[in-house]
Structures are given as structure tokens and as C-alpha cells.
Amino acid sequence: MVKISAVIITYNEERNIKRCINSLIAVADEIVVIDSFSKDRTKEICIEKGIRVVEHPFKSHIDQKNFAVTQATHDIVLSLDADEYLSEELTESILEVKEAWPFEAYRMNRLSNYGGKWIRHGNWYPDQKIRLWNRRIGLWGGENPHDMVIIKGGIKIMHLKGDILHRAYTDSSETISKIQNYSEIFARESVGRKTSSVGKIIIRSAFAFLKSYIIKRGFLDGFEGLMVAMAVSNHVFYKYAKLYEANHRALMGKRLVISRTDNLGDVILTLPMLGYLKSITPDLKIFFIGKKYTQPIIDRCVFVDQFLDKDELINDARKLAAVSADTIIFVYPDRQLAKIARFAGIRHRVATAHRWYNWMYCNHLVGFTRVKSNLHESQLNFKLLKPFKLNIDIDTTELIPYYGLQPIKNNFSQIHLDNDRFNLILHPKSKGSAREWPLSSYYELVKSLPASSYRIFITGLQAEGDLIRKEKPELFDHPNVTDLTGKLNLEELTSFIGQVDGLLACSTGVLHLAASLGVYTLGLYSPMRPIHPGRWMPVGRKATYLALKKDCNLCRKSTTCACIESISVEEVRDQFSEFIERKIKMGPDLVYLNR
Numbered sequence: 114m115v116k117i118s119a120v121i122i123t124y125n126e127e128r129n130i131k132r133c134i135n136s137l138i139a140v141a142d143e144i145v146v147i148d149s150f151s152k153d154r155t156k157e158i159c160i161e162k163g164i165r166v167v168e169h170p171f172k173s174h175i176d177q178k179n180f181a182v183t184q185a186t187h188d189i190v191l192s193l194d195a196d197e198y199l200s201e202e203l204t205e206s207i208l209e210v211k212e213a214w215p216f217e218a219y220r221m222n223r224l225s226n227y228g229g230k231w232i233r234h235g236n237w238y239p240d241q242k243i244r245l246w247n248r249r250i251g252l253w254g255g256e257n258p259h260d261m262v263i264i265k266g267g268i269k270i271m272h273l274k275g276d277i278l279h280r281a282y283t284d285s286s287e288t289i290s291k292i293q294n295y296s297e298i299f300a301r302e303s304v305g306r307k308t309s310s311v312g313k314i315i316i317r318s319a320f321a322f323l324k325s326y327i328i329k330r331g332f333l334d335g336f337e338g339l340m341v342a343m344a345v346s347n348h349v350f351y352k353y354a355k356l357y358e359a360n361h362r363a364l365m366g367k368r369l370v371i372s373r374t375d376n377l378g379d380v381i382l383t384l385p386m387l388g389y390l391k392s393i394t395p396d397l398k399i400f401f402i403g404k405k406y407t408q409p410i411i412d413r414c415v416f417v418d419q420f421l422d423k424d425e426l427i428n429d430a431r432k433l434a435a436v437s438a439d440t441i442i443f444v445y446p447d448r449q450l451a452k453i454a455r456f457a458g459i460r461h462r463v464a465t466a467h468r469w470y471n472w473m474y475c476n477h478l479v480g481f482t483r484v485k486s487n488l489h490e491s492q493l494n495f496k497l498l499k500p501f502k503l504n505i506d507i508d509t510t511e512l513i514p515y516y517g518l519q520p521i522k523n524n525f526s527q528i529h530l531d532n533d534r535f536n537l538i539l540h541p542k543s544k545g546s547a548r549e550w551p552l553s554s555y556y557e558l559v560k561s562l563p564a565s566s567y568r569i570f571i572t573g574l575q576a577e578g579d580l581i582r583k584e585k586p587e588l589f590d591h592p593n594v595t596d597l598t599g600k601l602n603l604e605e606l607t608s609f610i611g612q613v614d615g616l617l618a619c620s621t622g623v624l625h626l627a628a629s630l631g632v633y634t635l636g637l638y639s640p641m642r643p644i645h646p647g648r649w650m651p652v653g654r655k656a657t658y659l660a661l662k663k664d665c666n667l668c669r670k671s672t673t674c675a676c677i678e679s680i681s682v683e684e685v686r687d688q689f690s691e692f693i694e695r696k697i698k699m700g701p702d703l704v705y706l707n708r
């Protein structure tokens, strides 16, 4: 007579484990339970019944069951799941072969129960399983979660009379839950190894139902037979649908290049897409191609692993090839870089379909228009994730945590930031990229803000400062104004913005920088498309804007804008008064806290 070790893997099986153990007592010389740190009374029940319990972290069904086999004292192993137990007939069959042990492996039918009814037709029966074998000639294998015992070639397998009784599903809710869990495991285990398509999803799920309900006569089991056939079909549907999505997401690979070679504000509004991608794929390595002047910002983003200078890549295309990227996404169309990317051997090249040269150099084209869209620029960037089945609709408020900017905290003691006043930056100019609020309005605003409450700084390029001195010199002459134009580089400006309380500007990169750093930010906008706030408003936890609520095209061919000029000094002043009230209620603002 041989000795049998029965092994069971468990996790939160207090409802089933006692029944399973009781059915094994008659045939097993040893019962071992491998528990994945259950939160219920599973372990206590096993100990009460004198069963040896080994706690082991769960990696996968196959790994856990193979570990269970190694914990058996005897070579002859009988393996059950906790929701299974032996029928009386199968118990007698096992006792008979235990006496003589004529074969090294044994197969038996599994009879499953749905909602209290034993299902004897359809895909669920006879559902033959090898569960009794000599561990020297076989181990668990197959595919998670539908594992199987794989026996060495040439070994004869005997079929035993009787059934493993399987309490599969109690109702439709439990069925749906398990389908989602098992299909998720299948997709995770099969990604990159198996294929899926829309046709395969439709045909396989439809045939699964036809086979279970009609061909294998599941209809004879009544309502429960219908439920089983639908469960089988739904399981096939979801596992291949999830695999389809997973395979597309895997196309991105582990090394991604983002190309955004336009201006500062555009770059900043691209960063949330990077943060989102890192949140769902933490080991993704992201390279960012940009203009050299934007590097100080890109280098301070925790989601960017390396900055790549556009001009350097154009001068030496080998530098892009050396990145060994799997994918490049052209957030901003760039003909030269698209050509280089193709010849650099980057497998997946994503771009808008609205540029003719992308049809020559890119192989994933996404059809959408930015100019006519009602979405924000930061939202539109996500459209380019469509080839990876990540074309999500995300609200601008959801993007705020994904900037990831961590500016260096420079010492600005010589500039005299005042902790008792609201330190406010005015950034009047935009290098012509936006319609601007008049300098006269900025001057009237400065005069209207009490020096006891505000400390005012004016920033901009040296050329912008010279222009202000020429057009409105009294703005710099005001005693409460500190002129910082031309005195801070981009890295220093970023650090300075992170330490003040607020900023006022038109639609320019510095405005978006302030919003991304979490300071109080007010943007002044023209309502004209495509430069309207719906497309370009600042996105931040303390950011807002002012603009007339109207459709207007009067200044399309002009650099001046009556709409933005009509924003009153009083409206702007009142907004900053509101900011001060919010600051007092919120207490000290730790701008660097979440970076």
C-alpha cells in the first residue's frame, strides 16, 4: 500500500475548507494546507482539525500548487482546491488503487455545481482532471489560472470512477466576479505571447456558448445550464478582450520617446501625459525631445528620465538610434525628427494623421484636430495614446497631480520676499504668442494694490523689459515694484515662481509654469478660437482665468484685442483679493511639499 499526501491551496476559504478536509481523511495519510495569509478563519479551522498549515505568499496558481507539492511528505500526491471534495464513489476508487498502485497517475471527472444544481452537461462535464499522481513524474503546468498536471511522456494514466465535486458558483454575482478575476490573470499571463483580435473575440465567445449550450446539451440543465453557457462564453469574451487591450498597451514597450519641440507652455501641458503613463507603467523609461531652452523645465520633471536636444539629434541621428526606443510619440509634429525616427529603427512611431509627412515616416496615425476641438491642450495630448488602447477621456482636474515638477529651491534673499505680504509676479509680455492685457492696465492694477498687502515683481526677458521701459516706464518706477526682467534664467525663474504666492499673465508658458507649481495663478484670455481659455487655460489646483463670455473674431488679424483689453482692473484685483482670503484660510503654502 502506498501513502498519499493530500495538498490544498487556500485563501479566505472558511466556507469550504472543512468539507474539503473531511472528504480527504479516508484516503490521505497526510493533509497539508498551503495558505496565502487568509484574512478569515481558514487557518484556524485547519489547525482545529489537526492539519499542517504552511503560509506562503501567492504568486500564481501554478507556482502555489507546485510549492504545495514540495511540502508533501510522500511522493504520491492528491491535489484539490478548497472548493472541491471527493464523492463517495471516487473515495472508494482511490482506496482501491492505493492498495496496489498499478499506475503512476490517475485522471478523474470533475462535477461542478451552479446555484445548488449539479451541472452534468455543457462545457463543465465531465471536465477530466489529473489530481492523483507520483510527483516524481509530473508537476503543475499549463496556463494561469487554468492550470493542469503535466505528466512525463510515455506514462500511462488510469481513469478513476467517481467525481471530484466542485462548488463552483453560488449565483450570477459570484460568477461575474470570478470571470473578471480569471480573465485578468489570463491576459496578464498571455500578453505578448498570444494574439487576439476583434474577430477572434466575437467568434470564440459565440462558439463557446454554442458548444456548451447546444452541442454539449447544456440546455438539459435548465436555467443553470443557460447560466453556465453564458459564463463560459463571457469568460472567453473577456479574456480575449483584455488580452487585445493588453497587447496593444504592450506595444509601447519599456522605452518611450516623447517629442514636443515647440514652446514652454506646450511642454508643460504635455507633462501630465508622462505622469499618467508612469502611474500605469512604473518601469517605463521616458525620453523627452525638446528645444534646448526648455531643458531646465524638463530636467526638473520626475517623470522624465532623460532630455534629448532636438538640434543635437538633427545634427547626429545616431544619438536617437542609441536610445533604443520602442516607441516615439510626436505630440508636436516634426518632419525632420519623424524621418530620423524611422531610419533609427524605432518600431512604433505615433503622430497625427493631419500632416502629410507623417504618412511617410510614422506607422500609427491618429485622426483628430486640435484647432476645432473643445478639449484642452493637455487633454488633446492623450488622444495620441489611442494606438495603445489608452485613449481615455480625462478631466483637467485629474491632470494636476501628474505634472511632477520639482524645482530647485534657490536662495532669493537679495530679492526680499515678504512672508507678511502676498508676493505677486506680473508677467505682462508673451513674445507675441498671445493677446496681451495693456501695460496701462497693469500700471493701474499696481497702483490699486495696497503696498501693505502686496509685494510686486515684474518678470520677463530683457527685451520685454526694454519694451516696457519704452512704452510704460512708470510701471517700473512705482515704489512697490521690483524689476526682474532679464535677471533670471529659466531655472531661476522656476524656483522663484515656486516661492512666491501668485502670478498674473496672459496665455504664455510662464502662466502654465506657475499653475503647475501650485501657486495662485490668474490668466487673462481672449475668447477667440483657438487661443481661448477652453484650449489654453492654466491647469492647477490654484489656477483660474478671466475672459469675456462671447464668440469673437474681430482681432484675428490684429495684435491688439478689444476683448482682453475690456477685462477691468477691478476684476483682476478682486480675484487676487479672493486668493489672499483663500491663502489665509489654508495657512502657509508649502509649494515644494508634493514634489
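Under our numbering, residues 114 to 708 are what the sequence shown spells out, in order. Using N, Cα and C, we set each Cβ at its ideal position, and we do this for glycine too. As the structure is a prediction and not an experimental result, all values here were calculated from the model.
What separation, rounded to the nearest whole angstrom, lies between the Cα atoms of residue i and residue j?
i	j	result
Leu387	Ile263	44 Å
Tyr705	Arg455	In this predicted model, Tyr705 has a pLDDT of only 31, less than 50, meaning its place in the structure is not dependable enough to derive any value.
Ile528	Glu605	12 Å
Arg654	Gly631	6 Å
Trp472	Arg648	27 Å
Glu127	Leu390	40 Å
Glu157	Phe336	37 Å
Lys116	Ala141	7 Å
Gly636	His591	23 Å
Asp284	Ser290	10 Å
Arg220	Gly163	28 Å
Arg708	Pro409	Residue placement at Arg708 is poorly supported in this model, since its pLDDT is 21, which falls under 50; the coordinates are not used for a value here.
Lys452	Asn428	13 Å
Asp418	Arg460	20 Å
Gly331	Asp260	24 Å
Phe481	Trp469	14 Å
Leu356	Ser151	29 Å
Phe609	Leu530	10 Å
Gly305	Asn524	51 Å
Arg642	Asn666	8 Å
Thr634	Thr374	25 Å
Leu364	Ile399	15 Å
Ile411	Asn125	47 Å
Is the CB-CB distance between residue i and residue j below 8 Å?
i	j	result
Leu497	Arg483	no
Leu512	Val652	yes
Gln241	Asn222	yes
Leu537	Leu597	no
Ile207	Leu245	yes
Leu382	His625	yes
Ser111	Ala656	For residue 111 there is no data in the structure shown, the boundaries of the chain being 114 and 708.
Gln575	Val415	no
Arg534	Tyr556	no
Asn257	His174	yes
Tyr353	Ser309	yes
Cys619	Glu549	yes
His279	Leu203	no
Tyr295	Asp379	no
Residue i bridges to which residues according to DSSP?
i	result
Ile569	Leu537, Val594
Phe400	Val370, Gln419
Ile263	Leu252
Thr657	Leu635
His477	Val463
Ile122	Ile147, Asp194
Thr440	Leu369, His461
Compare the C-alpha of residue i against each of the options and name the closest.
i	options	result
Ile243	Ser296, Cys414, Val380, His272	His272
Ile144	Asp590, Val182, Arg280	Val182
Trp253	Val685, Leu191, Thr510	Leu191
Phe322	Tyr470, Ala434, Asn360, Leu339	Leu339
Ile130	Ala139, Ile160, Ser118	Ile160
Glu168	Val120, Ala281, Asn257	Val120
Thr123	Ser136, Ser346, Asp153, Asn135	Asp153
Leu137	Gln184, Ser200, Leu562, His174	Ser200
Lys423	Asn247, Ser372, Ala464	Ser372
Asp396	Ile298, Phe350, Gly366	Gly366
Gly611	Ser543, Glu490, Pro646, Lys522	Lys522
Tyr282	Leu377, Leu450, Val345	Val345
* Where in the stretch 140 to 176 do unbroken runs of the beta strand (DSSP E), each at least 3 residues long, occur, reported from the N-terminal end onward? -> 143 to 148, 165 to 168
* Mind pulling the alpha helix (DSSP H) runs of 4 or more residues that sit fully within the stretch 343 to 390? -> 377 to 381
* Segments of 3+ residues assigned as beta strand (DSSP E) that fall wholly inside the stretch 190 to 256 -> 197 to 199, 218 to 227, 230 to 232, 242 to 247, 251 to 256
* Unbroken beta strand (DSSP E) runs of length 3 or more, entirely within the stretch 584 to 629: which are they? -> 594 to 596, 615 to 619
* Those runs of the alpha helix (DSSP H) which lie wholly inside the stretch 519 to 563 and span at least 4 residues -> 552 to 561
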